[in-house]
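Everything below concerns the one structure shown next.
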Amino acid sequence: MAKLLYSATMSLDGFIAGPGGDMSWLTEFIGPNPAADALVGEVGSILVGRRSFGGDDPHRGTEGEGKAFGGGWAGPQFVLTHNPPAEPVPGVAFVNDFEEAVEAARTAAGEKVVNIIGADVARQCIEAGWLDEVAVFIAPVLLGDGVRLFDHPGGATVKLRRIDEGSAPLANYVRFSVLR
95 MAKLLYSATM
105 SLDGFIAGPG
115 GDMSWLTEFI
125 GPNPAADALV
135 GEVGSILVGR
145 RSFGGDDPHR
155 GTEGEGKAFG
165 GGWAGPQFVL
175 THNPPAEPVP
185 GVAFVNDFEE
195 AVEAARTAAG
205 EKVVNIIGAD
215 VARQCIEAGW
225 LDEVAVFIAP
235 VLLGDGVRLF
245 DHPGGATVKL
255 RRIDEGSAPL
265 ANYVRFSVLR
């Protein structure tokens, strides 16, 4: 069964998006990164939240705009939402049930990983006990506000074990398995 992997680039102070979902801060940190390239090669499908799917794009104004990983990956995408768009989006399935979305993404991924994009979908996977790994690219910037990598009002402890790490000119990399 395909693993569920939450991946994101995060500011040093823990934000994956700036205030209002702003992703423009990320643009200067997109560039050559062997760990990111390797991670993209592991992805068999994507499970993404509606806000992330329809949100700001750090590739805006480039030929990678609107494409997964800026065009570095193509394959089945599943958007978890109660409000699908009126018009279909090629290669994208809109699913309103969390368990159905996870199962569809796992089936589509085959032996590869399901890449989770979006803090809320990742939180739901953690709460369900289904998240297997977390990969974080840490950008050398402080945003001060925005969307946190993991936010659970009232607190929640999720224990992790580091399984990989590396550095690149634009962002360091750490990968963890989720301990159950």
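Going by the working numbering, the sequence shown opens with residue 95, and the numbers climb by one from there.
The beta-carbon is built from N, C-alpha and C at its ideal position, and this holds for glycine as well.
Inter-residue spacing [alpha-carbon to alpha-carbon] between residue i and residue j
i	j	result
A199	P170	8 Å
N209	E227	10 Å
G164	S139	15 Å
A204	E136	The sequence shown places Gly at residue 204, rather than the Ala named in the question. Their Cα atoms are separated by approximately 11 Å.
P126	I232	14 Å
V207	N177	26 Å
Y123	A180	Inspection of the sequence shows that residue 123 is occupied by Phe rather than by Tyr. Near 34 Å, if we compare the C-alpha coordinates of A180 and F123.
Y100	G155	26 Å
L98	V134	14 Å
A132	R217	24 Å
V186	A202	12 Å
G108	L237	8 Å
E189	E259	Reading off the sequence shown, one finds Val at residue 189, where the question assumed Glu. Their backbone Cα atoms lie some 34 Å apart in a straight line.
A229	L243	11 Å
D191	I220	16 Å
First and last residue of the uninterrupted alpha helix (DSSP H) at residue i
i	result
V230	Here V230 belongs to no alpha helix (DSSP H); instead the beta strand (DSSP E) covers 227 to 233.
Terminal residues of the beta strand (DSSP E) in which residue i lies
i	result
G135	That residue, G135, is in no beta strand (DSSP E); its alpha helix (DSSP H) goes 128 to 136.
M95	Premise fails: M95 is in no beta strand (DSSP E) and is neither H nor E.
D258	254 to 260
R269	266 to 272
A111	109 to 111
Cβ neighbour criterion (16 or more within 10 Å) applied to residue i
i	result
P247	exposed
V183	exposed
S261	exposed
A168	exposed
I257	exposed
M73	Nothing can be reported for residue 73: it is not among the residues displayed for the chain, which extend from 95 to 274.
G212	buried
A130	buried
L141	buried
P152	buried
A102	buried
L106	exposed
A120	Note on identity: in this sequence residue 120 is Leu, with Ala being the wrong assignment. The residue in question, L120, is buried, as its Cβ has 16 or more Cβ neighbours within 10 Å.
A222	exposed
L225	buried
L174	buried
query: Does the stretch 247 to 256 come close enough to the stretch 101 to 117 to have 3 or more Cβ pairs within less than 8 Å?
result: no
task: Ignoring anything shorter than 3 residues or poking outside the stretch 149 to 216, list the beta strand (DSSP E) runs there in chain order.
output: 171 to 174, 186 to 189, 207 to 211
- prompt: Touch check for the stretch 143 to 152 and the stretch 267 to 274: three-plus C-beta pairs under 8 Å?
  reply: no
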